[in-house]
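Novice: Before I ask anything, let me first share the structure, which is written out below as structure tokens.
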Amino acid sequence: MTAPLQKILVVEDDDDIRTILKVALEKIGGFTVRACRSGAEGLAAVTEFAPQLVLLDVMMPGMDGPTVFSGLRGRPDTATLPVIFLTARAAPSDIARLRALGALDVLTKPFDPMTLHEQVKAAWDKSGDGNG
Numbered sequence: 044m045t046a047p048l049q050k051i052l053v054v055e056d057d058d059d060i061r062t063i064l065k066v067a068l069e070k071i072g073g074f075t076v077r078a079c080r081s082g083a084e085g086l087a088a089v090t091e092f093a094p095q096l097v098l099l100d101v102m103m104p105g106m107d108g109p110t111v112f113s114g115l116r117g118r119p120d121t122a123t124l125p126v127i128f129l130t131a132r133a134a135p136s137d138i139a140r141l142r143a144l145g146a147l148d149v150l151t152k153p154f155d156p157m158t159l160h161e162q163v164k165a166a167w168d169k170s171g172d173g174n175g
């Protein structure tokens, strides 16, 4: 049985998108959300916040999403932490590449803030146990 999803770490460099993600997931979805503005900040926050899921932007300055994903996979405490990528690149080849890395799902921008929580929950539920 899948544990109910409650805690989500959002890693997104765009201030406006990060705010929309946080509000949509907290106010509409009812989740507890910690939002980080960079990959480095996200990697630092993951231990203290202990999320059940990471919603991770792909294109960020400094450390992009796939690099953060690799960093999570390289740590024993986060090696199986489910990650959903968020990207503006909606080409099937881009999405397939991200899924091949081991992402739980890939959501595209722009997204609908009113249904985002449903998309995230559906990906979580289809994972079976919340671990990919």
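When we follow the working numbering, the leftmost residue of the sequence shown carries the number 44, and every step to the right adds one.
Glycine included, every Cβ here is placed at the ideal spot set by N, Cα and C.
If you drop the 5 nearest sequence neighbours on each side, which residues of the same chain put their C-beta closer than 6 Å to that of residue 106?
Specialist: As a working mapping, residue 106 is identified with position 63 in the sequence shown. If we look at residue 106 and ignore the five residues flanking it on each side, its Cβ neighbours are 82 and 83.
Novice: Give the DSSP bridge partners of residue 151, in chain order.
Specialist: Taking the sequence shown and counting its residues from 1, the one referred to as residue 151 is at position 108. In the DSSP output, where bridge partners are listed per residue, residue 151 has 130.
Novice: Rounded to whole angstroms, what's the CA-CA distance from residue 46 to residue 72? Just pull it up for me.
Specialist: Along the sequence shown, read from residue 1 onward, the residue named residue 46 stands at position 3. Along the sequence shown, read from residue 1 onward, the residue named residue 72 stands at position 29. In a straight line, the C-alpha of residue 46 is about 16 Å away from that of residue 72.
Novice: With a 10 Å radius around its C-beta and 16 neighbouring C-beta atoms as the bar for buried, classify residue 85 as buried or exposed.
Specialist: Counting from one through the sequence shown, the residue named residue 85 turns up at place 42. Buried, because 16 or more other Cβ atoms sit within 10 Å of the Cβ of residue 85.
Novice: So the alpha helix (DSSP H) residue 142 belongs to, where does it begin and stop?
Specialist: Within the sequence shown, residue 142 is the residue found at index 99, counting from 1. Residues 135-144.
Novice: Return the Cβ separation of residue 126 and residue 99 in integer angstroms, given the expectation that the two are a contact with Cβ distance under 8 Å.
Specialist: Sequence index remark: in the sequence shown, residue 126 carries index 83 (1-based). Sequence index remark: in the sequence shown, residue 99 carries index 56 (1-based). Right, the Cβ-Cβ distance comes to about 5 Å (below 8 Å), so this counts as a contact.
Novice: On the DSSP bridge assignment, give the partners of residue 100 in chain order.
Specialist: Counting from 1 along the sequence shown, the entry for residue 100 is found at position 57. 129, per the DSSP bridge assignment.
Novice: If you compare alpha carbons, which of 111, 159, 165 and 168 is closest to residue 60?
Specialist: Against the sequence shown, residue 60 aligns to sequence position 17. Checking every option, the nearest Cα to that of residue 60 belongs to 159.
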